[in-house]
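So the sequence lines, in the order shown, correspond to chains A and B. Heads up, the final residue of the first sequence is numbered 229 in the numbering used here, and it's a clean run with no missing numbers. Heads up, the final residue of the second sequence is numbered 396 in the numbering used here, and it's a clean run with no missing numbers. First comes the structure, then the notes that go with it.
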Amino acid sequence: MPLVSVKNVNKAYKTGATEVHALRGVDLDLETGEFTAIAGPSGSGKTTLLNIIGGLDTISDGSVVVADQDISGLKPRQLHELRLYQIGFVFQAYNLIPVLTACENVEFTMLLQGVPRDERRRRATEILDRVGLTDQMHRRPAAMSGGQQQRVAVARAIVTKPRIVLADEPTANLDSQTGTNLMAVMKQLNEEEAITFLFSTHDQMVMSHARRLIRLHDGRVESDTTA
Amino acid sequence: MFDILRIAWRNIGRNRRRSVLSAAAVAFAVAVLCFSMALQQGSYAQMIHNTVRNRTGHLQLQHVDYWPDRELTKRMTGIDTLMTAVADTPHMVAAAPRIQTAALVSSDDRTFGATIQGVSPEAETMVSTAADKVITGRFLTDTDIDGAVLGSMLARNLGVSAGDEIVFVGQAADGSIAAGTLTVTGTIQSGMSEIDRSLVIMHVRHVQTAFSMPDAATEIAILLESDRVRSAAHDAIADCLRAVKAEHVAVVEWPTVLPGVEQSMKLDWISGLIMYVILVCVVGFGIANTYLMAYLERIHEFGVLLSLGMRPRLLSMLVYLESALLTLAGIATGLAAGVPIVMYLNHVGLNFGKQAETLMASYGLSAVVYPQLSPLVVGCAVGIVGGVTLTLALYPAIRAANLKPVEALRHA
Ligand SMILES: Nc1ncnc2c1ncn2[C@@H]1O[C@H](COP(=O)(O)OP(=O)(O)O)[C@@H](O)[C@H]1O
Ligand SMILES: [Mg+2]
């Protein structure tokens, strides 16, 4: 059983009279340990696909199984559990809670999980060290650079040891050098800690880091290549 | 939970000026309400004070069947025993026996209907302000058995003044004719024309004899330290009465004797409360608007929180906590500022000035009012402001509870 199994998924958004088909018959399997990029131009359906896999959005048609659970059958409460325990998220920007320090941001998901305070602090410190942010621990997001903020977001996403981390254009707001560094951090986590990453991008440089590249176009999988 | 509280607190600090303004609006509303309600309470206290001192006393002893027909046949007897029995009641300042009845009074050529009030002069002076209202001549003393103090208009109508004689004729308690001669010692002016036109104050002993009711009285007016101890004193006196087996005597409180005064105060209080709720709603909508803005600005952030697996209910609580903390901070500030001010005014009194005197007097008030703070006042002020604001703050919290993560995330 693959970690993620997307079968013939259609997603249509209705806005008034018009219907936008964001995804048209997408099939996709992901195994544990993958480092996979979803590439495609703006509007091709990358965000929609990631949101669906992450249990944030519903599908119109088809089936999605994540970590052995058929997502379309889950109640909102179960989707929250799925996100809280099985999935890590990194968004394009404004990932962090502005009033919390880097360390507290990383602790936040553990707080929601009810992890005791001392353990939270220990694990957050460890992970921040892992992404090279020991000296930024007690800074708030506003006092950090974009790259540092994204690294905190990655740290927060992986600290709960989720089955998969979904990152929607994590480097889109970074300059290319910082973006490359972030990709390097993610790849290292993938290789050393076997964390599964699925990220979207429309950046050639980022695609080149991926071990598997899925190209989306107009809501269809155009190509799926493994390096 | 504690951490959520901390996050809420820090969020309040994000837009410091807006938060301070919201809290200040709440604080201002609480302080203003405390002040105006305390002022109302102060004026009620004054009205009560005037009422009990002018006429009723805080409590009255009456024959159990005296009220409301007030017939002489329903009178109390054994007055000395009763006076002695209640003399040591806690909170009691003074007690005075009275007989209220009616008679015709005549001078040489004129006759008028009169309200007879038999009093025990020195005791009466302790209980009521009747003696202070004498405008010509003097009040009765205990030895003025045949003296009388007349309402100023009655005296004028009769054409008598201090030193003149008048005659009264009435029906005694046993049905026989009660009559006698009185020497006017003075006249009084109460300001209330129905009283000034009819009142005849005479010695209770004289009334007892003339109206064939020895050792009897229709009421014993009791003055207490304050109206606050009224019900405690009521109970204590009822116990004393039981101890002397005075089953025919009842303890009646002033609102029973003069229901209109208490009712008008209640009406004033309730219409005041309604006004305050309306005013606070106006302020509250302004505050609620800033609470809503604080919510709308952060929808994307809330989307992130929901994505991370935060329950909508917890998110909603976070949003509500922020508003609630601000409101509570405002209430605390309002009390911290308002209470000392009101207490100070309670000490020195609030003078409305000479111009207001006539107007205030028509409500039974003097120009200086002492605002009175009480748990009721603070409770109502906090309750109204807190209730309105915290209710309106539910709106963003409810919206947060129904937020869809994807839609929230798409918010720029
Ligand atoms: N909530 C929505 N309502 C209407 N249309 C939407 C909504 N979300 C996405 N779309 C449309 O679906 C398509 C795919 O969008 P998206 O998944 O965001 O693409 P990408 O992330 O690749 O840029 C686009 O045409 C977009 O306009
Ligand atoms: Mg997108």
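Ideal placement from N, C-alpha and C gives every residue a C-beta, glycine not left out. Quick caveat: nothing in here was measured; it's all calculated off a predicted structure.
Residues of the segment -6 to 25 of chain B with a C-beta less than 8 Å from any C-beta of chain A: Arg(-6), Asn(-5), Gly(-3), Arg(-2), listed in chain order. Contact between Val66/A and Val11/A holds, since their C-beta atoms are separated by about 6 Å, short of 8 Å.
Across the segment 86 to 100 of chain A, CB contacts with chain B closer than 9 Å involve Leu86, Tyr87, Ile89, Gly90, Phe91, Phe93, Tyr96, Asn97, Leu98, Ile99, Pro100, in sequence order along the chain. The residues Leu17, Ile368, in chain order, have a CB closer than 6 Å to that of Tyr260/B in the same chain once the five nearest residues on each side in sequence are set aside. Contact of Asp59/A with chain B by beta-carbon distance below 7 Å involves Val390. DSSP places Gln356/B outside any alpha helix (DSSP H), giving it a letter other than H or E. Residues of chain B whose Cβ lies closer than 7 Å to the Cβ of Thr111/A are, in chain order, Leu292, Gly293.
Rounded to whole angstroms, Glu149/B and Gly159/B show a C-alpha spacing of 25 Å.
Among the residues facing chain A, Ile(-9)/B is included, as its CB has a counterpart in that chain under 8 Å away.
At least one heavy atom of ligand 2 falls within 7 Å of the beta-carbon of Thr49/A.
Straight-line measurement puts the Cα of Leu5/A at about 40 Å from the Cα of Trp(-7)/B. Where Ile73/A is concerned, there is no enclosing alpha helix (DSSP H), because DSSP gives it neither an H nor an E. Every candidate beta strand (DSSP E) stretch fails here, since none sits fully inside the segment 272 to 329 of chain B while reaching 3 residues. Straight through space, the alpha carbons of Gly134/A and Gln150/A are spaced by roughly 9 Å.
Listed in chain order, the non-local C-beta contacts of Arg141/A below 7 Å within the same chain comprise Thr103, Ala104, local neighbours out to five positions each way being set aside.
Met76/B sits buried, since 16 or more C-beta atoms from the chains shown fall within 10 Å of its C-beta. Look at Glu285/B: its C-beta is under 8 Å from a C-beta on chain A. When Cβ-Cβ separations below 8 Å define contact, Val288/B makes contact with chain A.
A Cβ-Cβ contact shorter than 8 Å links Arg59/B with Ala200/B. Between the segment 162 to 178 of chain A and the segment 202 to 210 of chain A, the count of Cβ pairs shorter than 8 Å is three or higher; the stretches touch. Comparing C-alpha distances from Val14/B to each of Gly314/B, Ala98/B, Ile258/B, Asn38/B shows the shortest one belongs to Gly314/B.
The C-beta of Asp252/B comes no closer than 8 Å to any C-beta of chain A. For Glu391/B, the three-state secondary structure derived from DSSP is helix.
Taking 8 Å as the cut-off, the beta carbon of Glu203/B is found closer than this to the beta carbon of Arg82/B. Annotated three-state conformation of Leu32/A is strand, per DSSP. Distance from Ala80/B to Val111/B at the Cβ level is roughly 4 Å; contact confirmed, criterion being Cβ atoms closer than 8 Å. Here Gly121/B is near Gly170/B, since their CB atoms are less than 8 Å apart.
Counting every other CB atom within 10 Å of its CB across the protein chains shown gives Phe269/B a total below 16, marking it as exposed. Residues of the same chain with a CB within less than 6 Å of the CB of Ala392/B, apart from the 5 flanking positions on each side, are Ile283, Phe286, Gly287 in chain order. Around the beta carbon of Ser46/A, a 10 Å sphere encloses 16 or more other beta carbons of the protein chains shown; the residue is thus reported as buried.
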